[in-house]
Structures are given as C-alpha cells and as structure tokens.
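Just below is one structure, and these are the notes that go with it.
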Amino acid sequence: QSRDHIGLGTLTHYRPRIAATKPARVPGVPSGLVARTTEKGIRLTWVKSVDPVNAIDASGYAVFRSEQPGGAAQKIADGLAKPEYHDTSVERGGLYFYTVKASNKVGTSAPSAELGANAALPGPWRSRDIGDVQVSGFTEYNGERFTLEGEGVDINGTSDSFHFAYAKYSGQGTITARIVRPMSSQWTKPGVMMRESLDADSRHASVLLLPHWSGALVTRTETGGETTTHGARHLGEAHIIKKNRLSTPYWVRLIRFRNQFTGYMSPDGVQWQQLGSVEIPMSSTFYVGLPACSQLDKVTTTVTYDNVSIPLWRMTDGDRQITARPEPRWHKEPWYKRHDAFNERVREGNVGMLMIGDSITHWWDRDGKKTWDHYYAKRNAVNLAISGDRTEHVLWRLENGNIDGISPKIAVLMIGTNNHMSSPPEVTAHDIRLIVRKLRTKLPETKVLVLGIFPRGGDDNDGARQINMKVNRLIEDIGDGEWVHYADIGQAFLNGRRMRGDLIPDGSHPNAKGYAVWAAAMEPILAKLLGEAPVDPPK
C-alpha cells in the first residue's frame, strides 16, 4: 500500500496476507491520535490497532481524558468499535489531554501517547478563511502550539486568500510568534498579521516568511490597494535545507504604535532584526493573528506556531522569557505622556548628562529632587527613567526618540530590577548589553556608565536580590576601559548584607537620604569620567 503526503514524500509498506482468524497477542498501542474541534466538542480519530502477529483488528477501544498533562485520567468511553470518538462533554475553551487503549480477546494495550486538545480556540481566538479559497481551512490549539491548515492563492496583490487565526483588538500592541518546522511546502507563507477587516482586500501589515526563505514586512496601506514588500532579508543557510525547507524554528514580530507598523524577525527570540516601518491609516479596532497560505491550488499547507503572544493573551512560557523586544508598555497612557515629554525635552537640546532606568531612577524627580539639583542641574542632566520599565521598554524608547539629536557627555544606566519576574538573568544581562550598544551607536561621543542593579529585599536570601546579583555578575565585564564603564555601588545601601532601612525603607526605592548616599557614592566615578573636580556634598 502507498500513500502520498504532499511536500513530505510517499509512504509505501507491504506485508503478506495472513490466514489466521484469532489474535495471538494484545493489540498494538493506538497511534496517530488526531483531535479536531467541532461545534459540539472535540472529535478524536486514530489509526486502528491490530494484533502484531496475526494482524487481527482490535475488537474495541477505550478513551481516557485528563485536564492536566500526565494527570489522573478518567475513562470517558469504552467498547468503541471504530477508531474514532466525539467528546461532547467538554467546556468551550477548555484544554484536555487524551489517551486511547485498544483491546481484544487476549487483553488490553498500553495507552497511546497523550494528546492535548482545546475545545474551540482559547480566549479571544477565532479562525476563518479569508478571500476565495478552494479548500476550507481550520485551526487547532493543544496548549502548546497553534496548528493551522490552510489553502489560498497568496497574500499579495490587491486581495488575499488564506486561512487566518485571529483575535479582535482595539488599540495598539505587539504580536510575536515562533514559526515551527516542518511545513508541508516551501511555498507556504507563515507569519504574523494585523488586519483592518476580514475582507480579502483589507489594509494590513504583516511579517511573513516568503518562498525561498526571506523575511519581510508586507503591507497594503489602502483598501483594495497593491501590496508592498519592505526590507526582505534572507534567513541564512543555517536555517534552511537546500533552499526549500525551513530547518530551524524562526521568530517573527509586528508592533503597532499609533499608526506606525514595524516588523522584526529573529532566529532565537533574543537577537531581533528590524525589517522596516510603515505608516498605515488603520482603524483603531483591527484583527491580529496568524496566517496560513499554501499558494497551491486546492492543496492546503500546515503551519505550526508556538510562543504566541498578543496584547489580549499570551502562551505560558516556562522560561519566563519576554519574547517581544523592544516593546513599549501598552495601555499605559501616563507612560506614553512621559515618553513624549522626554522627546520634547531632548529636541530642545542642551543635554549634558542622561540618567536612564526605571522607578529607582525615576524617583530622583520626587524623593531625590534636592540632591539631583545639587549634583546634576549644572551638568544639564535629563532624567529618562520611567517607573515600572523593564529592559525591553528602555530599548524601545531609545529607538523612538529619547536620545535623538543630542550628544551628552555621559549616560548613566541602571535597569533590570523589574525583569526578575519575566526574564532569566541571562536574557536581562543580554538586554543590558543591547541597550549599551544602542547608546554607543546613537551617541558615539557619549561615555556610558552602567550601574549594577541595586540590592532589594531584606538580605541575600531574597529571591529577587539573588536574580539581580546574578545579572550584575553577568555584566560586570561590560566596560571597555574607554567609552563604557561599570560600577556596582550597591554596598552603600547595605549593613553587611542586610538592607539599610533608613536608606531604602520599602526594600527597593531610596528615600531622600538614600538618594544622597547614591549621589555621594557615584560622584567620584562620574567626576573622573567627565574630567571634572567632584562636586562636594551639600552642607
């Protein structure tokens, strides 16, 4: 018997006919378990099991279900004559895990491999075909991955046809996803998309992997207008096999900020390459999602995505890694206002010094104001810190106007304490290096002083402090002896290894006395780098 699997090959197998009529052993373990979402529940199918000696079909099947992977399973069906079952006792949006056993007169097989399946798509997700398709598509989610099956002529020209998994959204935000190999055709167009409507000729911005494996920002700026491809970049030979197969997973990301759409791609979810940025007058309510387009007539393609995040929803990430960098802080209007105020201030010029960071630096404007004025006012210092920021937010701000058109003498950077719940220390340290690289690229005549993240919590047993200490160890060699320098002044806030509550009463933020201690500890370093005499402490 032979069976074609388009794009993957042909499976051929042969076995002589056996005359036996009774099974000699228990059936083989059921395999090929597949789940499909229906209007009423989840439909399961699998390959029928046979006695491995006499090839006699199993006489019955039992289906087991759990609500946790590897959890205690409950038998929900028994005595099934065919290798299929429609589970209608599920709750919409629920995630379930199934196994199947086969039986005959000799006994019962071991359970099949576990299969996760969602009863309909999770949360805000829906799916449908866009435009004129010849074969209807579908989307499945198993708790780890979205799998899309879709046909479609192209995402190009004046209208599109493809299958789309999407969520309706209002505002601005980021979609990030990792495209997982293999795909069933080298003509497949996977990626991420923001679309004004579900009409075929809608405005859209997408980051797509194109045939012959380049990545690009693809846009239609007017309804019914032509499609434009921006910034196409080849993935590189390390990521493809003989020019027609994706050999490694690949990350794509699209950011909407107001009406500006910016595309990125990455081989690892950490090193991001910008593909371009386009202004599109798109409605504030739009559709964000994942496409599957085969570019083959009456033939579908299979595309799998994991590590998916949108403003309304994100997959659980066991490594706690924030995968969308750089990124603004969506839904935070005060954040935008402060960011815009920074841009207005630097456009005025006369910036001699920068302080960049999160709330610890931000609150120089509040509890540290008197000390700031004493040490930094005459140096024309500008505070570019925003409370709550993580490394990815600082990266975005530096790319979007905060340091444009200026050339300060020095930039002081301390960032990362808010990353302890979202990123492993290695990623935070890597981001700090990216920020320094961005500062050096955009401010080539500016020295950079990187401060070790200040201690937090009561003592070294504090989990967040331990993470910050590891980050500090990973960046302590960041200096180059000329333009980039590192200093860890955290000991100034400690008594032995215990936090001095008279300086940092809440375990994270200095009070007025704490800011005075910070300035005094940093001043000799700052003055040396600036070639100035140190400022004396206030009397």
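Just add 1344 to wherever you are in the sequence shown, counting from 1, and you've got the working numbering. Note that beta-carbon positions come from the ideal geometry of N, C-alpha and C, so glycine has one too. Computed from a predicted model, the values in this text were never measured in an experiment.
Worksheet item: Using CA coordinates, which residue listed in Asp1711, His1853, Leu1542, Gly1749 is at the minimum distance from histidine 1507?
Response: Leu1542
Item to complete: Rank Ile1584, His1853, Pro1371 by C-alpha distance to the C-alpha of asparagine 1448 and give the top, closest one.
Response: Pro1371
Item to complete: Provide the residue(s) that pair with valine 1647 in DSSP beta bridges, ordered along the chain.
Response: Leu1492
Practice prompt. Express the C-alpha separation of proline 1555 and lysine 1533 in angstroms, rounding to a whole number.
Written response: Whole-angstrom Cα-Cα distance: 7 Å.
Discussion item. To test your reading of the DSSP string, which unbroken beta strand (DSSP E) runs of 3 or more residues are found completely within the region 1414-1495?
Written reply: 1418-1424, 1428-1431, 1439-1447, 1459-1462, 1470-1474, 1482-1485, 1490-1494
Discussion item. Distance check for isoleucine 1811 and proline 1768, CA to CA, integer angstroms please.
Written reply: Near 8 Å, if we compare the C-alpha coordinates of isoleucine 1811 and proline 1768.
Worksheet entry | At least 3 beta-carbon pairs within less than 8 Å: the region 1697-1710 vs the region 1754-1761 | yes
Worksheet item: When burial is assigned at 16 or more other CB atoms within 10 Å of the CB, is isoleucine 1386 buried or exposed?
Response: buried
Worksheet item: Which ranges would you report for the beta strand (DSSP E) in the region 1681-1767 if only whole runs of at least 3 residues count?
Response: Whole beta strand (DSSP E) segments, 3+ residues: 1697-1701, 1725-1729, 1754-1758.
Worksheet entry | lysine 1533 - partner residues in DSSP beta bridges | Cys1637
Item to complete: May I ask you to verify whether the region 1636-1645 touches the region 1471-1484, counting CB pairs closer than 8 Å and requiring at least 3?
Response: yes
Discussion item. Taking 8 Å as the cut-off, does the region 1556-1574 touch the region 1619-1633 (at least 3 CB pairs, one atom from each stretch)?
Written reply: yes
Practice prompt. Compute the Euclidean distance between the alpha carbons of glycine 1568 and methionine 1537, then round it to the nearest angstrom.
Written response: 17 Å
Item to complete: Would you mind working out which of Glu1692, Asp1401, Thr1382, Phe1408 sits nearest aspartate 1748, comparing C-alpha positions?
Response: Glu1692
Worksheet item: Got a sec, what are the start and stop residues for the alpha helix (DSSP H) leucine 1874 sits in?
Response: 1856-1874
Item to complete: Would you mind sorting glutamate 1730 into buried or exposed? The rule is 16 or more other CB atoms within 10 Å of its CB.
Response: Note that residue 1730 corresponds to isoleucine in the displayed sequence, not to glutamate. Its Cβ being crowded by 16 or more others within 10 Å, isoleucine 1730 is buried.
Worksheet item: Using the C-alpha atoms, what's the distance from methionine 1609 back to glycine 1494?
Response: 23 Å
Fill in: Where arginine 1369 falls: helix, strand or coil (DSSP)
The answer is coil: DSSP assigns arginine 1369 none of H, G, I, E or B.
Item to complete: State the Cα-Cα distance for the pair glutamate 1789 and glutamate 1867, rounded to the nearest angstrom.
Response: One C-alpha to the other measures close to 21 Å.
Worksheet item: Shortest alpha-carbon distance to valine 1828 belongs to which of Gly1858, Leu1873, Tyr1358?
Response: Leu1873
Discussion item. I'd like to know whether the C-beta atoms of arginine 1369 and valine 1397 end up nearer to each other than 8 Å.
Written reply: yes
Worksheet entry | Identity of the residue in Tyr1513, Leu1579, Gln1617, Lys1642 nearest proline 1600 by Cα | Correcting the residue type first, residue 1600 is arginine in the shown sequence and not proline. Checking every option, the nearest Cα to that of arginine 1600 belongs to Tyr1513.
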